[in-house]
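I have placed the structure first, in the form of structure tokens, so that the comments after it can refer back to it.
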Amino acid sequence: MPFVESRCTVPVPPDVAFAISQTTGETRTRWDPFIRRQYFLDGAKEAAKGVRTFTVQRFGFRMVSEYVSYHPPTNVGMKMTKGSWFFERLAGGWRFSPMDGDDQRTLAVWRYNFTCKPRWLAPIAERIGAIVLQRDIDRRIRGFARGCEDPAVLAAVAAAD
-19 MPFVESRCTV PVPPDVAFAI SQTTGETRTR WDPFIRRQYF LDGAKEAAKG
31 VRTFTVQRFG FRMVSEYVSY HPPTNVGMKM TKGSWFFERL AGGWRFSPMD
81 GDDQRTLAVW RYNFTCKPRW LAPIAERIGA IVLQRDIDRR IRGFARGCED
131 PAVLAAVAAA D
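Residue numbering for the sequence shown follows the working numbering, starting at -19 and increasing by one per position.
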């Protein structure tokens, strides 16, 4: 199963980095270049294990995903349950840990694994998918790093506490 991984160090504690990663609405779109629109499904008001979200990606692709783990402030995991014609399976995990013992800086590691469909095309599609997804995840984590220094994003997270 192919995977992609991206990492960065941000100048905020892990709990703040985690909170930024879980922002929604206007705050989320301020830093996350992947998402055009995203919202919780089934009446959920916040993220938690088992909660589903509907996401419209910047090019208009739509996906329903489900939180398979939710452990603030260290990690979160999701899997696609409905969506892409290209991915048979897509899952990702985001981890947040203090950087080299400095609890005011965080190492963020985002890792995704996937398989493509149709199966007969998977060997080629997965090579292409790895390139496209890696580029998207790199772009997304750079946006996250900018968000961790954006006064508006930091203020929104502080206000939610």
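Ideal Cβ placement from N, Cα and C applies to all residues, glycine included. As the structure is a prediction and not an experimental result, all values here were calculated from the model.
Measure from the alpha carbon of Asp144 to the alpha carbon of each residue in Ala27, Val44, Arg99, Asp83, then state which is nearest.
This structure cannot settle anything about residue 144, because the visible part of the chain is limited to -19 through 141.
Measuring only the C-alpha atoms, how far is Cys96 from Gly109?
8 Å
Which of helix, strand or coil DSSP assigns to Phe14
coil
How is Pro(-6) classed by DSSP in three states: helix, strand or coil?
helix
8 Å Cβ cutoff, Val112 in contact with chain B:
Among the protein chains of the structure shown there is no chain B, as only one such chain exists.
Would Ala(-1) be called buried (16 or more neighbouring beta carbons within 10 Å of its own) or exposed?
buried
Every unbroken alpha helix (DSSP H) within the segment 92 to 129, with a cutoff of 4 residues, ordered by chain:
102 to 127
Could you tell me the alpha carbon to alpha carbon distance between Arg75 and Phe41, rounded to whole angstroms?
25 Å
Using only CA atoms, which one of Pro98, Ala105, Asn55 lies nearest to Thr86?
Asn55
At the level of alpha carbons, what is the spacing between Ala140 and Pro103?
45 Å
Which one or two residues does DSSP pair with Glu68 in a beta bridge?
Per DSSP, none; premise fails for Glu68.
May I ask you to list the residues that DSSP assigns as paired with Ala88?
Cys(-12), Phe76
Who does Gly40 pair with in a DSSP beta bridge?
The partner list for Gly40 (beta bridge, DSSP) is empty, contrary to what the question assumes.
Reduced DSSP category for Val133 - H, G, I as helix; E, B as strand; rest coil:
helix
Counting pairs of Cβ atoms below 8 Å between the segment -17 to -6 and the segment 119 to 129, do you hit three or more?
yes
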